[in-house]
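Worksheet for the structure shown next.
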Amino acid sequence: MIQKLSLYLSYPFVRYALIVGVLIALCSSLLGVTLVLKRFSFIGDGLSHVAFGAMAIASVLKVTNTTVVILPVTMICAVLLLRTGQNTKIKGDAAIAMISVGALAFGYLLMHLFSTSSNLAGDVCSTLFGSTSFVTLTKKDVWLCVILSVIILAVFVFFYHKIFDVTFDENFARAVGTRADTYNLLIAVIIALIIVLALNLVGSLLISALVIFPALSAMRVFKSFRAVTICSAVLSVVCALTGILISIIAGTPVGATIVAVDVAAFGIFCLIGRG
Amino acid sequence: MAQITCKDLTLGYETGVVAEHISFSVEEGDYLCIVGENGSGKSTLMKTLLGLTPPLGGKIETGDGLRLTEIGYLPQQTVVQRDFPASVREIVQSGCQARKGLRPFYNKEEKRIAEEAMDRMGIRQFENHCYRELSGGQQQRVLLARALCATRKILLLDEPVSGLDPIASADMYQLIRELNREGITIIMISHDLGAAVQDANRVLHIGKNVFFGTRDEYLASSIGRYYMMAEEEKF
Ligand SMILES: Nc1ncnc2c1ncn2[C@@H]1O[C@H](COP(=O)(O)OP(=O)(O)O)[C@@H](O)[C@H]1O
Ligand SMILES: [Mg+2]
């Protein structure tokens, strides 16, 4: 097994996969607590479906670098969803459901109508659940991932306390003059970035799991915001590495394997938290 | 010059007016108690003073060099989600968020302010405990310490003793009284009329009839006498 593993590790695409996997896992776990507690987790879910729709459009248009299409579309939707969540007549939840299911249906329709691929079901499946292999990752993909991750990490560290302030008690934050709207917007934009990043790894249906499970697990055991944030970041990276290695050895789909490991970790943390 | 002056305020939301014709002023060192029935708009008044809800009419003026961001606020029934993982220190420290501005980390001075506030509220021994595991009285002290970090001038307290047992309530009132003696202006909403009016020097009653005056004027007025009697009958 070790031999098999070291053989695999000598391939550049496996190393790329590990780098990309770790970075995505790290970034996606950071905002988990905020998403869960601010009831933004629906937004994450909705946005991932929007990203799916955008991806369908991109593949129909035969854009080589799909991120160019997906990133702006997802970001615009993130901002729109946040605005509708705040006022207007359509309730936030309903708006999210409408946009996400609409995007899902629209995306599938587009792929069905215009796809020239002989393996449509396979294409759809890999956009929803992530690619079955990492062979497609190029050096450029890896660099894009590294740059986006660094930006996300830097923004998160810089605004860490502000994110805490608006998550813990938005009214108090507003009362002392913190621009809560701006930070909510920032959070939404980061979420959009993370979703676009994670889309390639786990596919649009499984992104929420990647964002939420590490945070939920960490919250079972740790008691301060900082400890929970650090723990969920570490946990997420460990789960992603484990998942990727298992999927390489056992030949299972990467995204689903990582999420399965995240679920298992959640079970373990539940037990620890109760004990 | 008063710290806060409200002239003929109309309070409410997009859905309609909640209360109107509210005029009062607060001087430095005052202890103003806001009373009124449930749903009469007391919390709305506080949110309006804080700029969380825009007034539908009238004017709010600040004076004595008070800026609106220098107000410490203790919200009613903390909206804080029940399972939020946060330590006492993290929460108290967040009271310094305005002082910190855009700097990514708290500096020594701000940490000292947070520690002083915790000492002052007698919660320093819990600084690394989880907020959600504290008792109701301790949680209120944490939030009061956070409010203290935000200001040295004026505190707005929305039902600070709701849900507390009589002993914890008495402690809370004691703490507030001491802060007021140190010169911090207090604006407090309270249900517990007797105990609250004991400490306050001014009373604002909102509802169908609006009353604003000193405590003695309130106790002598028909509205005050009626309300006090109605309160006593509950027991
Ligand atoms: N965000 C809101 N939007 C619309 N109406 C509200 C909102 N918050 C409170 N209200 C209404 O305003 C009225 C006054 O509420 P509130 O100020 O909380 O009363 P009090 O604190 O005196 O019990 C209530 O009838 C309540 O239903
Ligand atoms: Mg109220």
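Top line first, the protein sequences correspond to chains A and B.
In this text, residue positions in the first sequence follow numbering that gives the first Met the number 0: the first is 0, and each later residue adds one.
In this text, residue positions in the second sequence follow numbering that gives the first Met the number 0: the first is 0, and each later residue adds one.
Here a beta-carbon is modelled for each residue, glycine too, at the ideal position from N, C-alpha and C.
Source: prediction; values computed, not measured.
Cβ of residue i within 8 angstroms of any chain A Cβ
i	result
Ile122(B)	no
Ala116(B)	no
Ile153(B)	no
Lys41(B)	no
Glu89(B)	yes
Tyr12(B)	no
Asp198(B)	no
Leu49(B)	yes
Tyr30(B)	no
Ile70(B)	yes
Pro159(B)	no
Asp82(B)	yes
Ser134(B)	no
Residue i vs residue j beta-carbon contact at 8 angstroms
i	j	result
Cys238(A)	Ala264(A)	yes
Ser42(B)	Ile175(B)	no
Gly129(A)	Gly254(A)	yes
Val258(A)	Leu209(A)	yes
Thr184(B)	Glu27(B)	yes
Ala50(A)	Leu198(A)	yes
Lys46(B)	Lys6(B)	no
Ser207(A)	Ala217(A)	no
Gly71(B)	Ala1(B)	no
Asp168(A)	Thr177(A)	no
Per-residue DSSP class, three states only, for residue i
i	result
Met187(B)	strand
Glu60(B)	strand
Asp164(A)	helix
Thr87(A)	Because the pLDDT at Thr87(A) is just 47, under 50, the model does not fix this residue reliably, and the value given afterwards should be weighed accordingly. Looking at Thr87(A) - three-state DSSP - the assignment turns out to be coil, as it is neither helix nor strand.
Ile122(B)	coil
Asp157(B)	strand
Leu60(A)	coil
Gly162(B)	coil
Leu49(B)	coil
Tyr105(B)	coil
Gly71(B)	strand
Ser114(A)	coil
Ser148(A)	helix
Ser86(B)	strand
Opening and closing residue of the beta strand (DSSP E) in which residue i lies
i	result
Thr12(B)	This sequence places Tyr at residue 12(B); Thr is not what is there. Unbroken beta strand (DSSP E) run through Tyr12(B): 3–12.
Arg201(B)	201–204
Ser22(B)	15–25
Thr213(B)	210–213
Where the alpha helix (DSSP H) containing residue i begins and where it ends
i	result
Ala149(B)	135–149
Tyr15(A)	11–29
Cys32(B)	It is not in any alpha helix (DSSP H) - Cys32(B) instead sits in the beta strand (DSSP E) that spans 30–34.
Thr137(A)	Looking at the DSSP string, Thr137(A) is not in any alpha helix (DSSP H), and its letter there is neither H nor E.
Ser220(B)	Per DSSP, Ser220(B) belongs to no alpha helix (DSSP H) and is neither H nor E.
Phe171(A)	169–174
Residue i CB to nearest heavy atom of ligand 1 below 7 angstroms
i	result
Lys41(B)	yes
Val209(B)	no
Val72(A)	no
Tyr12(B)	yes
Gly50(B)	no
Val17(B)	yes
Gly64(B)	no
Asn183(A)	no
Gly38(B)	yes
Gly35(B)	yes
Contact test: residue i Cβ vs ligand 2 heavy atom, cutoff 7 angstroms
i	result
Glu158(B)	yes
Gln75(B)	yes
is_contact[residue i, chain B] using C-beta, thresh 8 angstroms
i	result
Thr87(A)	Bear in mind that a pLDDT of 47 at Thr87(A), under 50, signals an unreliable position, so the number given afterwards is only what the model happens to contain. Chain B, which has no Cβ nearer than 8 angstroms to the Cβ of Thr87(A), makes this no.
Phe167(A)	yes
Phe171(A)	yes
Arg273(A)	no
Phe12(A)	no
Arg225(A)	yes
Val156(A)	yes
Ala24(A)	no
Lys222(A)	yes
Phe41(A)	no
Val175(A)	yes
Asp164(A)	yes
Ala264(A)	no
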